[in-house]
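Asker: Following this message is one structure expressed as C-alpha cells.
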Amino acid sequence: MKREPDWAALLRQDTPPAPDPAATGRTVELLRTLPPPRPTGWAFVWTQAGFIRKRMWALQFAILAGVLVLVAAGGGYRAYALPQYALCAAAAPLLLVANVQDLARVYHRGMLELELATRYSLPRVTAARLLVFGACDAVLLGILAAVGAVVSRSALEVVLLYCLTPFCCVSALCMGLLRWLRPAAFTRTALGVVAAVLGGLLLPVDWMQRWLYAPESRNFWVGVLALSVLALAWQTRRLLRGGMPTTL
Numbered sequence: 002m003k004r005e006p007d008w009a010a011l012l013r014q015d016t017p018p019a020p021d022p023a024a025t026g027r028t029v030e031l032l033r034t035l036p037p038p039r040p041t042g043w044a045f046v047w048t049q050a051g052f053i054r055k056r057m058w059a060l061q062f063a064i065l066a067g068v069l070v071l072v073a074a075g076g077g078y079r080a081y082a083l084p085q086y087a088l089c090a091a092a093a094p095l096l097l098v099a100n101v102q103d104l105a106r107v108y109h110r111g112m113l114e115l116e117l118a119t120r121y122s123l124p125r126v127t128a129a130r131l132l133v134f135g136a137c138d139a140v141l142l143g144i145l146a147a148v149g150a151v152v153s154r155s156a157l158e159v160v161l162l163y164c165l166t167p168f169c170c171v172s173a174l175c176m177g178l179l180r181w182l183r184p185a186a187f188t189r190t191a192l193g194v195v196a197a198v199l200g201g202l203l204l205p206v207d208w209m210q211r212w213l214y215a216p217e218s219r220n221f222w223v224g225v226l227a228l229s230v231l232a233l234a235w236q237t238r239r240l241l242r243g244g245m246p247t248t249l
C-alpha cells in the first residue's frame with residue numbers, strides 16, 4: 002500500500018522566505034510616486050473651482066456691492082417701487098459679465114489643448130465650471146433679491162421673478178453664442194447682449210416702465226421666465242454634447 006506523503010513536512014520545506022525590509026521600503030516609495038486617484042463627483046467640481054481666476058470672483062462681488070448700494074439708495078417708494086425693480090432686473094445679467102470671460106477660456110485654443118491632454122474631457126470640465134458659476138450666481142441673486150425685497154417693501158418672490166427672468170434670458174443667449182463664436186468675439190458679443198438688456202430694462206419711458214413692472218404684467222414675466230429656463234437647459238445640453246467648438 003502506497004504511503005501517504007507527509008504534507009506538513011513538505012509545507013515546512015516550502016515556507017517562503019521572510020519579507021525583505023529593503024524591498025518593502027522600495028515598494029512604499031514607488032507607491033508614493035504614483036499620481037493620486039482621479040477626483041470624482043464634488044471633489045472634481047471643487048478642483049475645477051480652484052482653476053477659476055480670483056479676479057472673476059472679485060468682479061462679481063464688486064458688481065453686487067455696487068448694485069446693492071444703488072438699490073438701497075433708490076429711496077422714494079413710488080408706484081410699484083419702480084427704481085428698485087428696474088435696478089434688480091438690470092443688475093441680474095451684470096453678474097454674467099465676469100462669468101463669460103472665464104467660460105470662454107475653456108474653449109480657447111491653448112486652454113483646449115491643455116485640457117484635452119489631461120484625463121478629463123472638455124464637456125466634463127465645462128459642466129463643472131457651469132455648476133460652479135451657477136451655484137455662485139444663485140447665491141448672489143438670492144442676496145440681490147433679498148435686499149431688493151426689503152428696500153422696495155415687496156414680496157421676495159416678486160423681486161426674484163424680476164431678477165431671474167433677464168438672467169436666464171441672457172444666460173441662454175450666451176450658451177448659444179459660445180458654440181459658434183471665437184473667445185474674443187464671444188466676449189464682445191456677450192457684453193453687447195448684456196448692454197442691450199440693460200438698456201431695455203432701464204431706458205424705457207416712465208409709462209412703459211410702469212406697465213413693465215405693474216402687478217398685472219407679472220404673468221408676462223412668468224411666461225418669459227419659463228421659456229428662458231427651457232432655452233437655457235436646451236442650449237446647455239447642446240453645449241455639453243457638442244464637444245469641441247467648430248470655430249477653433
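For reference, each letter of the sequence shown is one residue, going 2 to 249 in our numbering.
Backbone N, C-alpha and C fix where the C-beta goes; we use that ideal spot for every residue, glycine too.
Predicted model only: the values in this text are computed from it and were never measured.
Would you call residue 167 buried or exposed, if buried means 16 or more other Cβ atoms sit within 10 Å of its Cβ?
Answerer: Residue 167 is buried by the Cβ-count criterion.
Asker: What is the rounded straight-line gap between the Cα of residue 91 and the Cα of residue 45?
Answerer: Looking at the two C-alpha atoms, the distance is approximately 33 angstroms.
Asker: Relative to the C-alpha of residue 53, which residue among 139, 103 and 87 is closest?
Answerer: Among 139, 103 and 87, the Cα nearest to that of residue 53 belongs to 103.
Asker: If you measure between the beta carbons of residue 152 and residue 72, is that distance less than 8 angstroms?
Answerer: In contact: residue 152 and residue 72 (Cβ atoms closer than 8 angstroms).
Asker: May I ask you to verify whether the region 166-186 touches the region 54-70, counting CB pairs closer than 8 angstroms and requiring at least 3?
Answerer: As far as the Cβ criterion goes, the region 166-186 does not touch the region 54-70, which means the pair count is below three.
Asker: Rounded to the nearest angstrom, how far is the Cβ of residue 230 from that of residue 162, given a contact under 8 angstroms?
Answerer: Contact flag wrong, Cβ pair sits at about 12 angstroms.
Asker: Please report the Cβ distance between residue 87 and residue 233, rounded to the nearest whole angstrom; I am assuming they are in contact, meaning their Cβ atoms lie under 8 angstroms.
Answerer: That pair is no contact at about 23 angstroms.
Asker: In this structure, does DSSP put residue 214 in helix, strand or coil?
Answerer: Three-state DSSP puts residue 214 in coil, outside helix and strand.
Asker: Can you tell me whether residue 32 is buried or exposed? The criterion is at least 16 other CB atoms within 10 Å of its CB, across all chains shown.
Answerer: Per the 10 Å Cβ criterion, exposed.
Asker: Pick from 240, 24, 96 and 137: whose alpha carbon is nearest that of residue 182?
Answerer: That would be 240, whose Cα lies nearest to the Cα of residue 182.
Asker: Please look up how many angstroms separate the CB atoms of residue 164 and residue 89, rounded, as I've assumed it's under 8 angstroms.
Answerer: Residue 164 to residue 89, Cβ: 5 angstroms. Contact.
Asker: Tell me, to the nearest whole angstrom, how far the beta carbon of residue 141 is from that of residue 61; I am working on the premise that it is less than 8 angstroms.
Answerer: About 6 angstroms; that satisfies the 8 angstroms criterion.
Asker: Is the Cβ-Cβ distance between residue 129 and residue 236 less than 8 angstroms?
Answerer: Not in contact: residue 129 and residue 236 (Cβ atoms no closer than 8 angstroms).
Asker: Less than 8 angstroms separating the beta-carbons of residue 105 and residue 179?
Answerer: Yes, Cβ-Cβ distance for residue 105 and residue 179 is below 8 angstroms.
Asker: According to DSSP, is residue 257 helix, strand or coil?
Answerer: Given a span of 2 to 249 for the chain in the structure shown, any question on residue 257 remains unanswerable.
Asker: Please list the terminal residues of the continuous alpha helix (DSSP H) segment that includes residue 54.
Answerer: That residue, residue 54, is in no alpha helix (DSSP H); it is neither H nor E in DSSP.
Asker: In angstroms with no decimal places, state the Cα-to-Cα distance between residue 96 and residue 35.
Answerer: Approximately 41 angstroms, taken between the alpha carbons.
Asker: To which residues of the same chain is residue 157 closer than 8 angstroms at the C-beta, ignoring the five residues directly before and after it?
Answerer: Counting only Cβ-Cβ distances below 8 angstroms, and skipping sequence neighbours, we find 146, 147 and 150.
Asker: Assuming residue 198 contacts residue 94 under a Cβ cut-off of 8 angstroms, what Cβ separation, rounded to an integer in Å, is found between them?
Answerer: Yes, they are in contact, since the Cβ atoms of residue 198 and residue 94 sit about 5 angstroms apart, within 8 angstroms.
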